[in-house]
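So for the sequence shown, full-length UniProt numbering puts the first residue at 1; every next one is plus one.
Written below as structure tokens is the structure these notes are about.
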Amino acid sequence: MAKEDKIQQILICAKELFGLYGYDKVSMRDIADRAGISVGNLTYYYGRKERIMLAVLDQINEEVSRPADIPGTLAEVDAMLERFSKIAAQSSCLFRRYSLDEQLGEKMLQCQKNLVRANRGLWAETLRSLERSGQLCGELYSGHYSELITAIQMVYRYWDGYAEMEESIGNRCPQFRQCIWSLLLPNLTEAGRREFFGHILPGFAPGRTAS
1 MAKEDKIQQI LICAKELFGL YGYDKVSMRD IADRAGISVG NLTYYYGRKE
51 RIMLAVLDQI NEEVSRPADI PGTLAEVDAM LERFSKIAAQ SSCLFRRYSL
101 DEQLGEKMLQ CQKNLVRANR GLWAETLRSL ERSGQLCGEL YSGHYSELIT
151 AIQMVYRYWD GYAEMEESIG NRCPQFRQCI WSLLLPNLTE AGRREFFGHI
201 LPGFAPGRTA S
């Protein structure tokens, strides 16, 4: 495996483990085992766990800073939500509670802010685009869609932990994409609703049940 591929594999595995168990509960051994390499090989690339977390945060910041295409149709919004559901899972390491040193804590906070800022801007542009195309109604009051974006952001922020809790008490695992559409649907025009029920809703996967 090439060096760059190995580094990428390490970061992917670390991000998954930090998201599942939290930074504090993941060891260098855990990361090495998940990546399929020795601890010695891991320390060759990253001497300490803190450096791995910093590299993960740098990677997330880089992904967040990339310009995003603004959806112009409901089908494009649906595709964006599919991507967001994966990003929400991959970025869950940002929203676990950790005991971090000052450098890591500051970097984590900045990464969270960057993600929130980027997503708010993307959704604001998306809602304006849908309104211009006649698929979204105008605001019912000043600030209506700003608050809708806040609700979407909160779903994104708390998704991973909440979905786990629902499953832990025997409920069907909620689906990220469907939850966001439930917020958007009441604000669609008649044309938008026809598009949703005719083309978006049939593509929903049934939520899996907890075992």
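Note that CB positions come from ideal geometry on N, CA and C, so glycine has one too.
DSSP bridge partner residues for residue i (one or two, in chain order)
{"i": "R136", "result": "A small correction: the amino acid at residue 136 is Leu; Arg does not occupy that position in the sequence shown. In the DSSP output, where bridge partners are listed per residue, L136 has L188."}
Whole-Å CB distance - residue i paired with residue j, under 8 Å assumed
{"i": "Y156", "j": "A88", "result": "6 Å"}
{"i": "L74", "j": "Q135", "result": "6 Å"}
{"i": "T126", "j": "I70", "result": "6 Å"}
{"i": "L104", "j": "M28", "result": "Incorrect: roughly 15 Å between the Cβ atoms, too far for contact."}
{"i": "A68", "j": "L122", "result": "5 Å"}
{"i": "A14", "j": "I31", "result": "5 Å"}
{"i": "S146", "j": "G72", "result": "That belief does not hold up - the Cβ atoms of S146 and G72 are roughly 21 Å apart, past 8 Å."}
{"i": "L183", "j": "I152", "result": "6 Å"}
{"i": "D101", "j": "E50", "result": "7 Å"}
{"i": "G19", "j": "D160", "result": "7 Å"}
{"i": "L148", "j": "N187", "result": "7 Å"}
Any non-hydrogen atom of the ligand NAP closer than 7 Å to residue i Cβ
{"i": "Q110", "result": "No copy of the ligand NAP appears in this structure; indeed no ligand is present at all."}
Whether or not the segment 72-88 and the segment 165-185 are in contact is what I'm after, with contact meaning three or more pairs of Cβ atoms, one per stretch, closer than 8 Å; do they touch? yes
Specify whether the segment 160-172 and the segment 189-198 touch according to this definition: at least 3 beta carbon pairs, one from each stretch, less than 8 Å apart. no
Cβ contact (3+ pairs, closer than 8 Å) linking the segment 108-124 and the segment 49-69: yes
Taking only runs of the beta strand (DSSP E) that begin and end inside the segment 2-75, which ones reach a length of at least 3 residues, in chain order? none
Give a yes or no on contact between the segment 60-70 and the segment 26-45, applying the rule of three or more CB pairs nearer than 8 Å. no
Continuous alpha helix (DSSP H) assignments of at least 4 residues falling wholly in the segment 146-205: 176-184 and 190-195
Entirely within the segment 104-133 and at least 3 residues each: give me those beta strand (DSSP E) ranges in chain order. none
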